[in-house]
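Residue numbers (our numbering): 11 to 217.
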Amino acid sequence: MPSAKTPRSSYHHGDLRAQLIAAVRELVETLGPDGFSVAQAARQAGVSSAAPYKHFKDRPELLRAVVGEAMSRLQAEMETAAARFPTGSLESVAAIGQAYVDFARAQPGVFRLMFSLTEGHQDAPDLLEKGQACFGVVIRGAAASLGLPENTPTVQQRAYMLWASVHGHSFLTIDRKTDVLSATIDDWTFLMAVSRAVLGGDGSEVG
């Protein structure tokens, strides 16, 4: 179970929103996105049951805030991972994928929530923007590797191939479906193979 609550007296108005998001993130991991109430989230954060409504009008808005914060963290982690290798290298692209898989493995509940909260996204342009920003990291990696502008069809198509492969691998990993393999493959070997297969060509148009 999550750690002991922070005493209410230590909270400041400015960090209440962040504290509530952190509390809900823990509850999502332990109880699932449908397994707790706003009042329970408030208790987890160590604040009154009325406190969440200073920042969130209802439970769905609170969950969307958790997703938005998670998307921002995922983007930052992918960018940091890519920067550890030379720009345009296959290793840099594979590192983006490794950060994605690591995020899913470390926070499977939040990761699932990020891709299940699709209904209503047309009313949450901030989530759409954050999702596009995450994909933008993959696009930039593919563009640098291929030596092409980011907006070309080839870059867009191959970035999608990379994302689809890594996204699928991430879900198979957290669903423990990789155990059926007769010969296991580690993440990095898989990610380098995918990067090489998708980006190792001559950059000609796909399809």
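Don't be surprised by glycine CBs; every beta carbon is placed ideally from N, CA and C.
These figures come from a predicted structure and were not determined experimentally.
Reduced DSSP category for Gln85 - H, G, I as helix; E, B as strand; rest coil: If DSSP states are grouped into helix, strand and coil, Gln85 belongs with the helices.
So, helix, strand or coil for Arg206, using DSSP? DSSP places Arg206 in helix when its eight states are reduced to three.
Close-in-space but distant-in-sequence residues of the same chain around Ala55 (CB under 6 Å, 5 per side omitted): Taken in chain order, the residues that qualify are Gln29, Leu30 and Ala33.
Verify whether the separation of the beta carbon atoms of Val10 and Gly151 is less than 8 Å. What is shown of the chain runs 11 to 217, which leaves residue 10 out entirely.
To the nearest angstrom, how far is the alpha carbon of Ala114 from that of Ser180? C-alpha separation (whole angstroms): 6 Å.
Residues in the same chain with beta-carbon distance under 7 Å from Ala61, minus the five sequence neighbours each way, listed in chain order, please. Setting aside the 5 residues that flank it on each side, Ala61 is surrounded in the same chain by Leu26 and Ala52, each with a C-beta closer than 7 Å to its C-beta; the list follows chain order.
Under the three-state DSSP convention, the category Thr199 falls into: Three-state DSSP puts Thr199 in a helix.
Out of curiosity, what's the CA-to-CA distance linking Ala154 and Val147? In a straight line, the C-alpha of Ala154 is about 11 Å away from that of Val147.
Expressed to the nearest angstrom, what Euclidean distance is found between the alpha-carbon atoms of Leu156 and Ala80? About 29 Å.
Would Ala92 and Ala105 qualify as a contact pair, given that the criterion is a beta-carbon distance under 8 Å? Against a cut-off of 8 Å, the Cβ pair of Ala105 and Ala92 comes out as a contact.
Going by the CB atoms, is the gap between Thr164 and Leu172 shorter than 8 Å? For Leu172 and Thr164, no; Cβs fall outside 8 Å.
Glu87 to Arg186 span [Cα, whole Å]: Answer to the nearest angstrom: the Cα atoms are 23 Å apart.
Residues near Ser126 in its chain [Cβ-Cβ closer than 8 Å; skip 5 each side]: The answer, listed in chain order, is Pro43.
On the criterion of 16 or more Cβ atoms from any shown chain inside 10 Å, does Asp197 qualify as buried, or is it exposed? Asp197 is classed as buried because its beta carbon has at least 16 other beta carbons within 10 Å across all chains shown.
Going by CA-CA distance only, name the one from Arg83, Phe46, Pro135 and Ser82 that's closest to Arg69. Of the residues Arg83, Phe46, Pro135 and Ser82, the one whose Cα lies closest to the Cα of Arg69 is Phe46.
Buried versus exposed, by CB contacts within 10 Å (16 or more), Ala49: Exposure of Ala49 is indicated by the presence of fewer than 16 other C-beta atoms within 10 angstroms of its C-beta.
Hey, could you find the ends of the alpha helix (DSSP H) Gln117 is sitting in? No alpha helix (DSSP H) holds Gln117; DSSP gives it neither H nor E.
Where Arg168 and Ile149 are concerned, what is the direct C-alpha to C-alpha distance, given to the nearest angstrom? Going by the C-alpha atoms only, they are around 8 Å apart.
Quick one: give me the first and last residue of the alpha helix (DSSP H) that Arg168 is part of. Per DSSP, Arg168 belongs to the alpha helix (DSSP H) from Pro163 to Ile184.
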